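According to this note's numbering, the residues represented by the sequence shown are -15 to 342, in order.
Some notes on the structure that comes next.
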Amino acid sequence: MPYPVRGVGQRRQRRRPRRAARHRRCARWWSVTRRVGLRDHLPRRGGSRGRELSGPGVVALVGPTASGKTAAAIAVAQRLPIEVVSADSRQIRRGMRIGTAAPTDEELAAVPHHLVGIVEPNEPWTLADFLERAHEAIDAIHARGCLPLLVGGAGQYVWALLEGWEPPAVPPNPELRARLEAEARAQGVEAVHARLAALDPASAERIGTRNERRLIRALEIVDATGEPIAPLPRVPPPWPWRVVGLQWSRSALSRRADRRAAAMYEAGLVEETRAIVEGHGDDFEALTSIGYAEALGVLRGQWHEAEAVKRTQAATRRLIRRQAAWFRPVDPRIEWVAGADVDRVVAAVEAAADGLRS
């Protein structure tokens, strides 16, 4: 089975000693951080979410889909007392483990993960929700004396957290969202882009014509506020941060993505999608994401599974190209490391953690 489930009693019996040992490691690492006086030099956060210094900092491990972030994080955990904070916009959902390449039970047991499998597939979720839950997780990790390792390929999530974006507190509008999604299906995403351009030209130009989800979210905000979206205020977080990126050649990454897409179907992606539909219906945003949209086509008889695999592979390659806009090779904030060299990745994260103390 792709995700074996252990008995509850057995899992507790095995994990308690690991947790105690991990917290002892965290305490020793945190004591070093305190001795060098880092907490006296961290910037304080102001603004509406102002908070006191909460810990030694955050290291982010970023890269596009299929770049090996989860495996690298597990390797880092052998050297540093970390807890993972997921910056993945889909792994937050329960019951969507195969199609999102969520951590396995073994990986979750090896390293604590936060923001994985915490909301239902059809439950509304916004950037503001992510930021609130991520800050809570980071505060708790710091309180335990561990290092938060932010892991993900959702560039908007990563930079919003690290740069302190303050998104509008506008809840999702399911009725409006459903209408706009139907319009995108019938007339193409360009029609949704044109609608936003008429109301908020600056946001439409910034988002472009490819990101349907962000276009719809922007229209929700404009509809709720009655005015164009103002530039997001930014309030620096109460801790320093470093970013390590996993770098692959385009051809190597495409091959990895193709293999992963095929493996998802072999692991039961169509069956997982069927279970989601039976439990929650088939008309919500998460089922329009890569992998699930194609698997849903199999369930509806639109194409065979082999065609779904090809479509998923093509969609994943397009996603990788879009993700590159968030994580550019020339970005001075990111230290890029060859993703195939796990030892170098671990060393880079260790160096980044040391840099938080200097």
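All residues carry an ideal CB built from backbone N, CA and C; glycine is no exception.
Remember, predicted model here, so these are calculated numbers, not experimental data.
Check                                                                                                                                                                       : Outcome
Where does the unbroken alpha helix (DSSP H) through Ile66 begin, and where does it stop?                                                                                   : Ile66 -> not in any alpha helix (DSSP H); beta strand (DSSP E) instead, spanning Ile66 to Ser70.
Taking only three categories from DSSP, how would you classify Ala322?                                                                                                      : strand
Where does the unbroken alpha helix (DSSP H) through Val261 begin, and where does it stop?                                                                                  : Leu253 to His264
Where do the N-terminal and C-terminal ends of the beta strand (DSSP E) with Val228 fall, by residue?                                                                       : Trp225 to Gln231
Roughly how many angstroms lie between the CA atoms of Gly83 and Phe114, to the nearest whole one?                                                                          : 20 angstroms
At 4 residues or longer, and completely inside the stretch 178 to 204: list those alpha helix (DSSP H) runs for me, N to C.                                                 : 185 to 191
Taking Gly47 and Leu230 to be in contact with their CB atoms under 8 angstroms, please state how far apart those CB atoms are, rounded to whole angstroms.                  : 3 angstroms
Given a threshold of 16 other Cβ atoms within 10 Å of its Cβ, counted over all protein chains shown, does Gln297 qualify as buried or as exposed?                           : buried
Per DSSP, what kind of secondary structure is Ala44 in: helix, strand or coil?                                                                                              : strand
In chain order, what residues of the same chain have a beta carbon less than 6 angstroms from the beta carbon of Ile125, not counting five sequence neighbours either side? : Glu67 and Pro132
Based on the DSSP secondary-structure assignment, which residues constitute the bridge partners of Leu134?                                                                  : Ala44 and Val69
If you count every other CB in all the chains shown that lies within 10 Å of the CB of Asp72, and 16 or more means buried, which is it?                                     : buried
Measure the alpha-carbon distance for Gly21 versus Leu340 and round it to whole angstroms.                                                                                  : At Gly21, the pLDDT of 38 sits below 50, so the modelled position is not reliable; the number obtained from the coordinates is stated separately. If you take the alpha carbons of Gly21 and Leu340, they lie about 11 angstroms apart.
Under 8 angstroms, Cβ to Cβ, is there at least one residue of chain D near Ala251?                                                                                          : Protein chain content of the structure displayed is limited to a single chain, and chain D is not contained in it.
Is it true that the stretch 174 to 192 meets the stretch 272 to 280, where meeting means three or more beta-carbon pairs spaced less than 8 angstroms apart?                : no
State buried or exposed for Pro221, treating a residue as buried only when at least 16 other CB atoms are found within 10 Å of its CB.                                      : buried
Going by other Cβ atoms of all chains shown within 10 Å of its Cβ, with 16 needed for buried, is Leu237 buried or exposed?                                                  : buried
Per DSSP, what kind of secondary structure is His343 in: helix, strand or coil?                                                                                             : The structure shown has nothing for residue 343, since the chain only spans -15 to 342.
Assign Ala86 to one of two classes, buried (16 or more other C-beta atoms within 10 Å of its C-beta) or exposed (fewer than that).                                          : buried
Since Trp143 is in the alpha helix (DSSP H), which residue starts that stretch and which ends it?                                                                           : Gly139 to Glu147
Between which two residues does the alpha helix (DSSP H) holding Asp89 run?                                                                                                 : Asp89 to Ala94
Quick one: Cα of Gln62 to Cα of Val43, how far?                                                                                                                             : 16 angstroms
Between Val219 and Glu165, is the Cβ-Cβ spacing less than 8 angstroms?                                                                                                      : no
Measuring CB to CB, does Ala241 end up less than 8 angstroms from Ile200?                                                                                                   : no
Helix, strand or coil for Val219 per DSSP?                                                                                                                                  : coil
Residue range of the alpha helix (DSSP H) that Gly281 falls in?                                                                                                             : Tyr276 to Leu283
Looking only at its own chain, which residues have a Cβ that is under 8 angstroms from the Cβ of Ser202, when we skip the five neighbours before and after it?              : Checking the displayed sequence, the identity of residue 202 turns out to be Ala instead of Ser. The answer, listed in chain order, is Leu180, Asp184, Ser187, Ala188, Ile191 and Ile213.
My guess is that His264 and Glu104 are in contact by the Cβ rule of under 8 angstroms, so how many angstroms apart are they, rounded?                                       : 7 angstroms
Taking all protein chains shown into account, decide if Gly137 is buried (16 or more other Cβ within 10 angstroms of its Cβ) or exposed.                                    : buried
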